[in-house]
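Working notes for the structure below.
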Amino acid sequence: MPLTSPRGVLAASAPTPPAPPRHASTVVLLRDAPGGGVEAYLVERARTMAFAGGVYAFPGGRVDPADGPSGGRAAPLWLGPPLAELMRPLEADPGLAQALVHAAVRETFEECGVLLAEPAGPAGPAPGPADPGWAADRLALERRELGLAELLTRRGLALRADLLAPWARWITPEVEPRRYDTRFFMAALPPGQTPGELSGEADQMVWIRPEEALERHAAGAMGMLPPTAWMLADLLGLASVADVLTTARRREITPVMPKVVIADGAVHFLLPHDPEYALAAPPADPASAAALFAAATAGADHATWPRDAADATAVARER
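Be aware that the sequence shown starts at 1, since it is given in the UniProt record's numbering, and climbs by one per residue.
Here it is, written out as structure tokens:
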């Protein structure tokens with residue numbers, strides 16, 4: 001998968017040793033599309049961002065300490081599959097599994113104003129922009145002045161774990177100095193909620209069918225990183241959001257860590273299905289590799305990545 005680079009470097013490798021990846025969660029927020037199928041929520045990352053500015057992505061971010069269990073702090077009510085059922089697909093102990101789910105819910109609320117929660121009791125108000133404190137709580141969460149557990153408990157809300165399910169796990173290539181071990185979740189848009197104002201990390205948003213997004217990406221009109229194209233390709237042929245969640249709960253998750261190879265001035269992602277993946281040896285120049293990889297993911301060249309969509313679509317249809 002080539003990422004065209006503005007300059008040519010023939011040798012590249014990972015730092016020695018590679019930076020340890022930090023845990024992160026990304027959410028593919030879905031709604032049923034008219035006439036069948038699904039639409040996914042994508043945001044165009046602000047072009048001012050140092051990494052992947054101008055590309056389309058799903059809401060997500062790294063796990064914060066406040067997302068995990070903390071002594072003396074009450075855990076929010078939880079609706080849906082018990083945490084123990086999520087530990088195996090997430091490959092996580094109870095504390096990390098909770099943190100990954102909380103990060104997924106928190107990041108979705110921070111980035112698009114959708115909260116995967118509902119009133120814990122029959123008399124409670126439904127979460128939504130009509131709530132006078134909605135915007136203030138969202139901003140406080142983004143500023144880390146408020147934790148998700150505190151927000152849900154204070155407002156009498158229960159976390160809707162039944163609305164999301166683990167789907168995939170991608171680990172940043174070893175060449176990157178900042179690496180993430182990211183769990184991708186599929187999530188249903190809660191009834192009665194719509195995304196709110198965009199956060200400062202995004203320029204615009206779109207609800208789009210996966211096939212249309214991949215076609216636009218292949219045409220150079222919608223830049224995205226390989227994992228984003230892969231998640232969209234996975235959704236091809238699924239009839240509804242309920243179908244996606246049912247599929248997710250019987251899906252086996254295998255971690256994916258792309259390898260990065262630099263050749264003829266271009267950055268190439270190799271994925272486990274590529275014949276060259278097992279044979280790829282790290283070349284010799286870590287500094288050049290990191291610089292070129294950063295340049296290729298800075299936003300200027302994302303319209304020139306057409307193979308991502310074609311490869312992802314072909315592999316998805318073979319499975």
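Backbone N, C-alpha and C define an ideal beta-carbon position, used for all residues, glycine too.
Fair warning: this is a prediction, and the values are worked out from it, not measured in the lab.
Bridge partners - residue i, DSSP secondary structure assignment
i, result
"residue 320", "Only positions 1 to 319 of the chain appear in this structure, which leaves residue 320 out of reach."
"Leu164", "Ala187"
"Gly60", "Thr26"
"Glu211", "In the DSSP output, where bridge partners are listed per residue, Glu211 has none listed."
"Met205", "Val43"
"Arg169", "Arg183"
"Val256", "Trp170"
Which listed residue (the options) has its alpha carbon closest to that of residue i
i, options, result
"Gly147", "Gly223, Cys112, Ala75", "Ala75"
"Val63", "Gly37, Ala33, Pro81, Ala103", "Ala103"
"Met184", "Val175, Thr194, Gly133, Ala168", "Residue identity differs from the one stated: residue 184 is Phe in this sequence, not Met. Selected option, being the one with the closest Cα: Ala168."
"Glu201", "Leu245, Arg22, Phe58", "Phe58"
"His23", "Glu111, Arg251, Pro132, Thr172", "Thr172"
"Glu111", "Pro69, Ser70, Pro81, Gly61", "Gly61"
"Ala161", "Asp137, Pro81, Glu107", "Pro81"
"Asp137", "Lys259, Leu279, Gly196, Gly68", "Gly196"
"Pro166", "Glu85, Glu212, Glu176", "Glu85"
"Val27", "Ser240, Met186, Pro191", "Met186"
"Thr182", "Leu90, Gly54, Leu29", "Leu90"
"Ser240", "Gly68, Leu29, Ala33", "Ala33"
"Leu238", "Leu279, Pro210, Thr153", "Pro210"
"Gly54", "Glu118, Met205, Ala266, Val267", "Met205"
Local Cβ density within 10 Å of residue i, reported as buried at 16 or more and exposed below that
i, result
"His217", "buried"
"Glu276", "exposed"
"Leu163", "buried"
"Ala99", "buried"
"Asp308", "Because the pLDDT at Asp308 is just 48, under 50, the model does not fix this residue reliably, and the point stays unresolved."
"Leu116", "buried"
"Thr254", "exposed"
"Ser25", "buried"
"Asp264", "exposed"
"Gly36", "exposed"
"Gly223", "buried"
"Ala248", "buried"
"Thr246", "exposed"
"Val9", "Summary for Val9: the model assigns pLDDT 31, below 50, so the residue's position carries little reliability, and this model does not support an answer."
"Ala242", "exposed"
"Glu252", "exposed"
"Pro17", "exposed"
"residue 336", "The chain is shown only over 1 to 319; residue 336 falls outside these bounds and no answer can be derived."
"Pro258", "buried"
"Arg88", "exposed"
"Ala97", "buried"
Coil, strand or helix - residue i by DSSP
i, result
"Phe109", "helix"
"Val55", "coil"
"Gln98", "helix"
"Ala92", "coil"
"Glu118", "strand"
"Ala158", "strand"
"Val261", "strand"
"Val244", "helix"
"Ala266", "strand"
"Leu225", "coil"
"Leu77", "strand"
"Glu145", "coil"
"His273", "coil"
"Thr194", "coil"
Cβ-Cβ separation, residue j to residue i (assumed contact under 8 Å), whole Å
i, j, result
"Ala159", "Trp78", "First, the amino acid is wrong: residue 159 is Leu here, not Ala. Correct: roughly 5 Å between the Cβ atoms."
"Ala41", "Trp207", "According to the sequence shown, residue 41 is Tyr rather than Ala. With a Cβ gap of about 6 Å, Tyr41 and Trp207 count as contacting."
"Arg31", "Val38", "7 Å"
"Gln193", "Val114", "5 Å"
"Arg179", "Pro65", "Actually they are not in contact, since the Cβ atoms of Arg179 and Pro65 sit about 18 Å apart, beyond 8 Å."
"Trp170", "Pro227", "5 Å"
"Pro122", "Gly156", "That pair is no contact at about 11 Å."
beta-carbon residue i near the ligand FMN non-hydrogen atom, thresh 7 Å
i, result
"Asp234", "Absence of the ligand FMN from the depicted structure is noted, as is the absence of any ligand whatsoever, leaving it without description."
Interface flag, residue i vs chain B, CB-CB below 8 Å
i, result
"Pro190", "Structure shown: chain B not included; a single protein chain is present."
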